[in-house]
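So the sequence lines, in the order shown, correspond to chains W and R. Note that the working numbering numbers the first sequence so that position 5 is 24, with each residue one more than the last. Note that the working numbering numbers the second sequence so that position 87 is 135, with each residue one more than the last.
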Amino acid sequence: RKEVEQDPGPFNVPEGATVAFNCTYSNSASQSFFWYRQDCRKEPKLLMSVYSSGNEDGRFTAQLNRASQYISLLIRDSKLSDSATYLCVVTPNTGGFKTIFGAGTRLFVKA
Amino acid sequence: GAVVSQHPSWVICKSGTSVKIECRSLDFQATTMFWYRQFPKQSLMLMATSNEGSKATYEQGVEKDKFLINHASLTLSTLTVTSAHPEDSSFYICSARDRTAGRTNTGELFFGEGSRLTVL
Chain W
20 RKEVEQDPGP
30 FNVPEGATVA
40 FNCTYSNSAS
50 QSFFWYRQDC
60 RKEPKLLMSV
70 YSSGNEDGRF
80 TAQLNRASQY
90 ISLLIRDSKL
100 SDSATYLCVV
110 TPNTGGFKTI
120 FGAGTRLFVK
130 A
Chain R
49 GAVVSQHPSW
59 VICKSGTSVK
69 IECRSLDFQA
79 TTMFWYRQFP
89 KQSLMLMATS
99 NEGSKATYEQ
109 GVEKDKFLIN
119 HASLTLSTLT
129 VTSAHPEDSS
139 FYICSARDRT
149 AGRTNTGELF
159 FGEGSRLTVL
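This is how it looks when you write it as structure tokens:
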């Protein structure tokens with residue numbers, strides 16, 4: 020089993036749609052969780068951190084369920100510019116700074 | 049936000065040559081930097097963790113003699129792909145975390161722009 024698993028993509032949605040991405044992680048001692056966005060042929064950029072209480076940033080909502088070892092990202096009112104690959108990122112509690120990336124979920128938002 | 053600069057952005061080389069890629073943290077100090085490789089339509093794969101002043105830690109399956117990493121200062125790490133072959137063609141990305149974020153693994157990772165290597 021992979022350490023971090025994400026929904027297989029791609030997701031094809033119309034503008035204005037709501038889309039949800041899921042991610043599961045295998046290490047129950049994992050400490051920190053993030054969603055990164057990666058545009059084609061570009062480096063990943065932090066979209067948002069994921070906190071235990073859940074957090075929202077504009078149209079984006081991230082949630083963490085430690086009991087189920089599950090992270091989600093909800094995008095409301097999708098824009099064309101949201102088209103990208105979304106990476107679930109987990110930092111295990113193994114010491115050092117090692118970070119595990121999910122394979123990513125590709126999102127296409129169409130007019 | 050913090051900036052990580054990677055150079056070169058693109059490199060094309062002949063098979064058998066060595067290529068050096070630099071990763072610099074421009075406005076913060078990074079005790080640790082990470083090197084990743086990404087093949088088309090695949091996720092980032094961690095190759096190694098670069099530690100300032102000590103040897104890099106390589107992931108399983110990554111040849112340390114093939115991918116030489118040097119982290120001589122708190123702002124610079126280099127990855128040298130030695131005797132490159134066409135199968136080494138990939139997108140190489142570095143990342144770093146501000147050392148002032150502490151050793152709690154909670155800080156944001158800042159990525160370089162990536163270096164696209166094509167070996168002919």
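For each residue, glycine too, the CB sits at the ideal point set by N, CA and C. Fair warning: this is a prediction, and the values are worked out from it, not measured in the lab.
- For Phe53/W, the enclosing beta strand (DSSP E) starts and ends at Ser51 to Gln57.
- Burial of Asp101/W is indicated by the presence of at least 16 other C-beta atoms within 10 angstroms of its C-beta.
- For Ala120/R, the uninterrupted beta strand (DSSP E) segment begins and ends at Phe115 to Ser121.
- The beta carbon of Arg125/W is closer than 6 Å to those of Gly28, Pro29 and Thr104 in its chain, skipping five residues each way along the sequence.
- Bounds of the beta strand (DSSP E) holding Val52/R are Val52 to His55.
- Proximity to Ser138/R across Leu99/W, Asn41/W, Glu75/W and Lys61/W peaks at Lys61/W, based on C-alpha coordinates.
- If only uninterrupted beta strand (DSSP E) runs of at least 3 residues are considered, those enclosed by the stretch 86 to 112 of chain R are 93 to 99.
- Residues of chain R whose Cβ lies closer than 7 Å to the Cβ of Phe120/W are, in chain order, Ser91 and Leu92.
- Note that the stretch 51 to 58 of chain R touches the stretch 69 to 83 of chain R; at least 3 beta-carbon pairs, one per stretch, sit closer than 8 Å.
- Between Glu161/R and Ser57/R a beta carbon distance of about 6 Å is seen, short of the 8 Å cut, so the two are scored as contacting.
- For Ile141/R, the residues of chain W that pass the 7 Å Cβ criterion are Glu62, in the order they occur in the chain.
- Excluding the 5 residues flanking it on each side, Val167/R has same chain C-beta neighbours closer than 7 Å at Cys61, Ser63, Ala132, His133, Pro134, Asp136 and Ser137, in chain order.
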